[in-house]
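Numbering (this note's numbering), first residue to last: 286 to 938.
Beta carbons are placed, not taken as given, at the ideal position from N, Cα and C, and that holds for glycine.
Following this line, the structure appears as structure tokens:
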């Protein structure tokens, strides 16, 4: 090796491999934990400019809102309000519109699904990191070359048990084609990939610079051909289907009346099309390809598929309507594969996320969304452990929670893909419409529910895979029928007690690493309820209460566990001083809210929406990622303490 191939060495807290949406979500979370040293590497020398993922689901937009990024996406994206179903008439075989339903079930979120190019989404993350994480930047043209784990050190919080060798590539070696047949496997991936078959001399040049990174944690977000996964020896389990689909991103010329609606079109004999209207006049078409050449292993030969072939198929499906295009910005073809990795982590030190651990068809709009939700689940856990706030055992919940979601996704995708790809005579088209309608909770991301664990305090019998993650013992209660433990905290509006401004409650709980202790205080004008609230306040003010115990010395109250209160007494009949100081810290006017009639918009009646009895109230513990960890009575402070004792480390004596 030439002298220019210098062997540098350094220590990092976290190495993120792969600068796709999952990698960016990891970096965004970690940027909220001050003092961490994070490296973020990517082989390709630029972000995505063409093709790839194009949809943001409701839950993803809620998460973007928690980072202050949702409004940019909402301004730039195309909003999808309806989906139209087109099926062949039994008598003539000519397609006609048979149903029109909301694209998402009304009421499951304040957001609806939007469509936007992945490159825009990556740019929002880049802008966020410039503002909030100036020590975290994507290092492009960098390829991991080797990885090893010293298992004797994995339980030492201060150790750097993972060693990774990085190679810095010359610019020409990091270029990846984003249009055409060189797009690997039909979808452009992060391409952090090195194989023995690689005969590109630029990847082996003596001028490449290598360095050794000693890591506490590594997150592999490097796509379906994940280098990290292969180095760990983990396998993708599942199968490829026979369904082959082409994709066109075009500015269409057509007389089809629903070209600006999302559409599911089944033709009589020529296959199916999914129409996805996009930003800037673009439309994405997913087109079923029936007559394609295959290789000896049964996989589709992508080199033989052209935009003209895909477009011709689309025209045959959509006939008698005409469909051509004035501009094409991207095309690809893929064979549907539905697989899940047999393991999501190694020693809770190296983690896989996104396409690196699950692959499926893209038509349900899950790939990018589920990938980002993987690292949204993981990022705060690593950050909390590295900053000494949480024990390492919370990291076990990443695989425990997200692998079940991946399995659910594959099961959903198998049914959805079969119904979408089947011929009208082979499938029940009415069933397809019903499946689509009832799948909204899962597809939107709002129906995700985590089983019992040390982070989710509910009946352990609901967790068949429970092993090393032990939930706290809690009493069964029916206090908030519409705040399910294990699901994300749904957002309804409440009015600020101090200034009468109305807020979505999710918006007063940003993704900043804090836990939330939410008190539904009920009507404190009632003497007995007032007594209960005052007693809770007395406990929270004690120096041994969880509100202080887990707050670092010198840090502000509410900086580790933020206490928020929503009461339902008439707002004009109570004052701030009527509430215990622990529920309204001095000079803090943003901790106390009321379920009252606002001046300028309809009353959302949040107590009713959350299913909380105003005469009894309740307390809710909400994780940093917005999922409900515990629900109890106002008097259940010991149970709350037991919960926190399993997931947080005391910061004070």
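Assignment of residue 430 by DSSP, reduced to helix, strand and coil, places it in the strand class. For residue 592, the enclosing alpha helix (DSSP H) begins and ends at 592 to 603. Per DSSP, reduced to three states, the secondary structure at residue 522 is strand. Under the three-state reduction of DSSP output, residue 541 falls in the coil class, being neither helix nor strand. Nearest to residue 730 by C-alpha distance, out of 395, 378, 329, 352, is 395. In this chain, the beta strand (DSSP E) harbouring residue 788 covers 787 to 789.
Exclusion of the five residues before and after residue 692 leaves 625 as the residues of its chain whose Cβ lies within less than 8 Å of its Cβ. Across the structure, residue 681 and residue 633 are spaced so that their CA atoms are roughly 7 Å apart. Residue 916 holds the alpha-carbon nearest to the alpha-carbon of residue 744 among 916, 607, 420.
With 16 or more neighbouring CB atoms inside 10 Å of its own CB, residue 409 falls in the buried class. As the crow flies, the alpha-carbon of residue 339 is around 5 Å from that of residue 401. Pairwise C-beta distances place the stretch 767 to 783 in contact with the stretch 873 to 891, as three or more of them are shorter than 8 Å. If you draw a straight line from the Cα of residue 936 to the Cα of residue 845, it is about 10 Å long. A Cβ-Cβ contact shorter than 9 Å links residue 429 with residue 451. Shortest Cα-Cα distance from residue 298 to any of 442, 814, 879, 543 involves 442. In chain order, 903, 916 place their CB closer than 6 Å to the CB of residue 764, counting only its own chain and leaving out the 5 sequence neighbours on each side. The Cβ neighbour count for residue 542, taken over all protein chains shown within 10 Å, is under 16; the residue is labelled exposed. The three-state reading of DSSP puts residue 387 in strand, counting E and B together.
In summary, residue 607 is exposed, with fewer than 16 beta-carbon neighbours lying within 10 Å of its beta-carbon over all protein chains present. Within a 10 Å sphere around the beta-carbon of residue 829 sit fewer than 16 other beta-carbons, which makes this residue exposed. Around the beta carbon of residue 800, 16 or more other beta carbons lie within 10 angstroms, which makes this residue buried. Closest in alpha carbon position to residue 389, among 363, 449, 721, 686, is 721. When DSSP states are grouped into helix, strand and coil, residue 365 belongs to the coil group. Contact check for residue 406 against residue 653 passes: the beta carbons are separated by less than 9 Å. Our two residues, residue 604 and residue 537, have alpha carbons roughly 15 Å apart in a direct line. Sequence-distant partners of residue 598 (beyond 5 residues in either direction) whose C-beta falls short of 8 Å from its own C-beta, in its chain, are 531, 555, 556, 572, 573, 574, 575. When DSSP states are grouped into helix, strand and coil, residue 822 belongs to the helix group. Judged by DSSP in its simplified three-state form, residue 914 adopts strand.
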